[in-house]
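Working notes for the structure below.
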Amino acid sequence: MNKSLSRVFLGFAIFACASLNPLAQGQPAVDAPAQFVSPAVGTTQADKPWEKFSPEGGGFTVLMPGTPTVTDQEVPFGDGKLVNHLYMVQANSSVYIASYAEFPMAVTDPAVIKAMLDNARDKGVAAANGELRSEKEIKLGENPGREWLVSIPGAGIARARAYWVKQRLYQAFLLMPEGKGAEEEAAREAVMSKFLNSFALISTDAPR
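So for the sequence shown, my numbering puts the first residue at 32; every next one is plus one.
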């Protein structure tokens, strides 16, 4: 599961970040370098109570089943780099991730945002050798976003949401084992909804 998690989240998060700058300039998107390494999955935290988590400066709050491992990833961007801040919990064979990255410019053009999210979807699904089960446009307040449901062989089901908020890309990602039967499927969907629907912006800490 760890290897598949690394592939799919690297695809959604890092390709999304790396592709923004060329798209904003009206140029073809570029891939993140193949040598980039995603973080290791944190220590398993079974049966931990859910906690409201809000990192300093993150501008968001989310419910997670335990205290997350914090990782700052340097992501290639144009001629330089930016930092993707990841907060991750592994609990009961599932992996929960919230993240944000701040860019040097605000992005408001719907066409640019759509193209970037399309590229992130394609790269993420391909990197995980996954199958896109569903996709829909969503919003967080007035901020545009996208949700994906992806089946990943040997890992389970991943549901990811991404939002653009001025100069920031926010993401929430959950990977869970695939349920066996209707009851397990319903339980999985309930947990996914609890996590993803708890993600909210904090106005006092929101980016400029």
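Ideal Cβ positions, reconstructed from N, Cα and C, are used throughout, including at glycine. Please read these numbers as outputs of a predicted model, since none were measured by experiment.
Can you list, in chain order, the residues of its chain with a C-beta nearer than 7 Å to that of residue i? Leave out the 5 residues immediately preceding and following it.
| i | result |
| --- | --- |
| residue 169 | 176, 177, 178, 192 |
| residue 234 | none |
| residue 101 | 118 |
| residue 221 | none |
Among the residues of its own chain, which have a CB less than 6 Å from the CB of residue i, if the five just before and after it don't count?
| i | result |
| --- | --- |
| residue 129 | 93, 118, 203 |
| residue 205 | 127, 190, 223, 226 |
| residue 134 | 198 |
| residue 113 | 106, 132 |
| residue 260 | As displayed, the chain neither begins before 32 nor continues past 239, which places residue 260 out of reach and without an answer. |
| residue 165 | 180 |
| residue 81 | 94, 96 |
In chain order, what residues of the same chain lie with their CB nearer than 8 Å to the CB of residue i, ignoring the 5 residues before and after it?
| i | result |
| --- | --- |
| residue 84 | 92, 93, 94, 95, 98, 99, 118, 129 |
| residue 137 | 197, 198 |
| residue 152 | 43, 163, 166, 177, 179 |
| residue 228 | none |
Report the rounded CA-to-CA distance for residue i versus residue j, giving the unit in angstroms.
| i | j | result |
| --- | --- | --- |
| residue 163 | residue 154 | 11 Å |
| residue 161 | residue 215 | 21 Å |
| residue 209 | residue 186 | 8 Å |
| residue 156 | residue 181 | 7 Å |
| residue 104 | residue 200 | 14 Å |
| residue 90 | residue 116 | 12 Å |
| residue 194 | residue 230 | 11 Å |
| residue 150 | residue 144 | 10 Å |
| residue 141 | residue 174 | 10 Å |
| residue 124 | residue 219 | 12 Å |
| residue 159 | residue 183 | 6 Å |
| residue 56 | residue 217 | In this predicted model, residue 56 has a pLDDT of only 42, less than 50, meaning its place in the structure is not dependable; the value taken from the coordinates is given anyway. Rounded to the nearest angstrom, the two C-alpha atoms are 43 Å apart. |
| residue 232 | residue 207 | 25 Å |
| residue 212 | residue 139 | 43 Å |
| residue 111 | residue 86 | 25 Å |
According to DSSP, is residue i part of a helix, a strand, or is it coil?
| i | result |
| --- | --- |
| residue 225 | helix |
| residue 82 | strand |
| residue 61 | Low local confidence applies: a pLDDT of 34 at residue 61 is under 50, so the model's placement there is unreliable, with the coordinate-based value given in what follows. Three-state DSSP puts residue 61 in coil, outside helix and strand. |
| residue 195 | strand |
Please tell me whether residue i has its Cβ less than 7 Å away from any Cβ of chain B.
| i | result |
| --- | --- |
| residue 94 | Chain labels in this structure do not include chain B; a single protein chain is all it has. |
Whole beta strand (DSSP E) elements within the segment 151-185, 3-residue minimum: 162-171, 174-183
3-residue-minimum beta strand (DSSP E) runs that sit fully inside the segment 85-164, ordered along the chain: 91-95, 100-108, 111-122, 125-133
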